[in-house]
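My numbering puts the first residue of the sequence shown at 2, with every later residue one more than the last.
We put the CB at the ideal spot given by N, CA and C, even for glycine.
For reference, the structure is listed below as structure tokens.
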Amino acid sequence: QLSSRVSLDLDCNVIGSLGLVAIVDHCLETLSRLSIAHNGIGHPGAVALSGALKINKSLTHLDLRGNRIGPSSAAILAESLETNTTILTLSLSRNNIGDDGMLSIVRALAKGNSKIEELHLSKNRITDRGCVGLASLLSSKSNWGCEMKPMSLRNLELVHNHIGVQGMEALADALEEINGRTMNLQNLSLHWNSISWTHHVFDRLEFYQERNKNIQNLKGLLDENESRAVWSFVLSNLMLSKKRFAMDLAFHLIRNAPDLIL
């Protein structure tokens with residue numbers, strides 16, 4: 002048995018639900034950080050972990066990426082967030098929790114834990130419905146039948162989901178509503194979602210970033226529109242440069258743009 006709080010990293014192993022149960026039973030109370038990404042804990046593991054988190058007072062960082070959790074298991078984990086007030090960082094990326102799982106987590110955070118600083122939700126098949134619910138966490142307006150507490154969220158990651166215009170508009174509304182009030186959000190990652198860069202919502206989000214000194218990085222708003230600027234930059238440099246140079250433009254969504262050549 003561990004005698005002091007430590008970090009335990011078991012990423013990319015095969016501990017499964019039985020291995021997680023052993024951790025819960027024997028050493029969870031001594032851990033401050035637990036990373037068990039890509040271990041296939043599944044639904045049984047989520048149930049065991051949720052029960053322990055309801056009374057745990059030591060764990061501050063929990064990484065559950067890629068564990069085949071799904072919507073129903075996410076709902077069970079969310080139950081623990083209603084009472085747990087020590088977790089500061091929670092990563093549920095690559096778990097396909099969907100909108101139902103997302104809304105379960107939002108509902109739990111709205112009712113109880115207001116101390117989470119980092120929330121990672123990439124590759125979870127979240128659509129506009131889930132994003133609208135999540136946006137309410139940033140706003141002072143409650144949609145959950147309870148008084149909203151100020152969120153301490155600093156880092157919100159929604160990369161590679163299926164968020165469209167409605168979801169982005171909800172985020173823009175929330176950010177504009179809290180502008181001028183005390184807030185902690187510094188990083189918002191939205192790239193690789195289902196919206197065209199030409200939509201006016203990007204203007205709203207970029208305007209918010211320009212006038213709010215607190216937010217340092219609004220990642221991903223330029224996904225596809227960035228490609229246009231990058232493409233123009235590439236063409237102009239290729240035509241003007243007489244020197245050899247290397248340029249790495251991987252993953253910029255650059256497409257054919259014959260109009261930019263003219």
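Item checked: Reduced DSSP category for GLU118 - H, G, I as helix; E, B as strand; rest coil -> What you label residue 118 is simply residue 117 of the sequence shown in a count that begins at 1. Assigned with DSSP and collapsed to three states, GLU118 falls in coil, not helix or strand.
Notebook entry, point to check: Excluding sequence positions up to five away, which residues of its chain have a Cβ less than 7 Å from the Cβ of GLN167?
Noted result: Counting from 1 along the sequence shown, the entry for residue 167 is found at position 166. By the criterion of a C-beta distance shorter than 7 Å, GLN167 is surrounded in its chain by ASP129, VAL133, once the five residues flanking it on both sides are discounted.
Next item on the list: Count the other C-beta atoms from every protein chain shown that fall within 10 angstroms of the C-beta of HIS27, then say buried if there are 16 or more, exposed otherwise.
Entry: Position 26 of the sequence shown, counted from the start, is the residue given in the question as residue 27. With fewer than 16 other Cβ atoms within 10 Å, it is exposed.
Notebook entry, point to check: Hey, how far is the Cα of ALA49 from the Cα of SER74?
Noted result: As a first step, residue 49 must be located in the sequence shown, where it is residue number 48. As a first step, residue 74 must be located in the sequence shown, where it is residue number 73. Distance between ALA49 and SER74, taken at the CA atoms: about 11 Å.
Note to self: If I measure Cβ to Cβ from ASP10 and keep anything under 6 Å in the same chain, skipping five residues before and after, which residues do I get?
What the structure shows: For the purposes of this step, residue 10 is taken as the residue at position 9 of the sequence shown. Excluding positions up to five away in sequence, the list reads SER36.
Checklist line | Burial state of SER92 (16 or more Cβ within 10 Å) | finding: The sequence position of residue 92 within the sequence shown is 91, counting from 1. Buried, because 16 or more other Cβ atoms sit within 10 Å of the Cβ of SER92.
Margin query: To the nearest angstrom, how far is the alpha carbon of GLY17 from that of VAL202?
Written below: Locating residue 17 in the sequence shown gives position 16, where the first residue counts as 1. Locating residue 202 in the sequence shown gives position 201, where the first residue counts as 1. Their Cα atoms are separated by approximately 42 Å.
Checklist line | Burial state of ALA47, where buried means 16 or more other Cβ atoms lie within 10 Å | finding: As a working mapping, residue 47 is identified with position 46 in the sequence shown. With 16 or more other Cβ atoms within 10 Å, it is buried.
Item checked: Residue range of the unbroken beta strand (DSSP E) whose run includes GLU158 -> Along the sequence shown, read from residue 1 onward, the residue named residue 158 stands at position 157. Looking at the DSSP string, the run of the beta strand (DSSP E) that includes GLU158 is 156-158.
Margin query: With H, G and I counted as helix, E and B as strand and the rest as coil, what does DSSP make of GLN192?
Written below: On the sequence shown, residue 192 is found 191 positions in, with the first residue counted as 1. Note that residue 192 corresponds to His in the displayed sequence, not to Gln. DSSP places HIS192 outside both helix and strand once states are collapsed to three, so it counts as coil.
Checklist line | Coil, strand or helix - ASP100 by DSSP | finding: Indexing the sequence shown from 1 puts residue 100 at position 99. Secondary structure at ASP100: helix, using DSSP grouped into helix, strand and coil.
Check: To the nearest angstrom, how far is it from the Cα of LEU78 to the Cα of LEU206?
Finding: Start at 1 with the first residue of the sequence shown, and residue 78 comes out as number 77. Start at 1 with the first residue of the sequence shown, and residue 206 comes out as number 205. Between LEU78 and LEU206, the C-alpha separation is close to 31 Å.
Checklist line | Through-space distance from MET103 to SER123, alpha-carbon basis | finding: Looking up residue 123 in the sequence shown gives position 122. Looking up residue 103 in the sequence shown gives position 102. Using only the alpha carbons, I get a separation of about 11 Å.
Check: For SER153 versus ALA175, is the C-beta distance shorter than 7 Å?
Finding: Locating residue 153 in the sequence shown gives position 152, counting from the first residue. Locating residue 175 in the sequence shown gives position 174, counting from the first residue. Not closer than 7 Å, so no.
Margin query: Starting from ILE138, trace the alpha helix (DSSP H) in both directions and tell me its first and last residue.
Written below: Here residue 138 refers to the residue found at position 137 when the sequence shown is read from its first residue. One detail in the question is off: residue 138 reads as Leu in this sequence, not Ile. 129-139 is the extent of the alpha helix (DSSP H) around LEU138.
Notebook entry, point to check: What number of angstroms, rounded off, separates the C-alpha of MET169 from the C-alpha of THR61?
Noted result: Walking along the sequence shown from the start, residue 169 turns up at place 168. Walking along the sequence shown from the start, residue 61 turns up at place 60. Roughly 29 Å separates the two Cα atoms.
Check: Between which two residues does the alpha helix (DSSP H) carrying ASP26 extend?
Finding: Locating residue 26 in the sequence shown gives position 25, counting from the first residue. Where ASP26 is concerned, the enclosing alpha helix (DSSP H) stretches over 17-27.
Note to self: Which of the three DSSP states is assigned to SER73 in this structure?
What the structure shows: Along the sequence shown, one-based indexing puts residue 73 at 72. The answer is helix: DSSP assigns SER73 an H, G or I state.
Next item on the list: Identify whether HIS44 lies in helix, strand or coil by the three-state DSSP scheme.
Entry: Position 43 of the sequence shown, counted from the start, is the residue given in the question as residue 44. If DSSP states are grouped into helix, strand and coil, HIS44 belongs with the helices.
Checklist line | Rounded straight-line distance, which links the Cα of ARG6 to that of ASN57 | finding: As a position in the sequence shown, residue 57 is number 56, starting the count at 1. As a position in the sequence shown, residue 6 is number 5, starting the count at 1. Looking at the two C-alpha atoms, the distance is approximately 13 Å.
Checklist line | Closest residue to HIS121 among LEU82, LEU172, ILE196, LEU63 (Cα-Cα distance) | finding: By one-based count along the sequence shown, residue 121 stands at place 120. Of LEU82, LEU172, ILE196, LEU63, the residue nearest in Cα terms is LEU63.
Next item on the list: Provide the residue span of the beta strand (DSSP E) that contains HIS161, from first to last.
Entry: Residue numbering aside, residue 161 sits at position 160 when the sequence shown is read from its first letter. Run containing HIS161: none; DSSP gives neither H nor E here.
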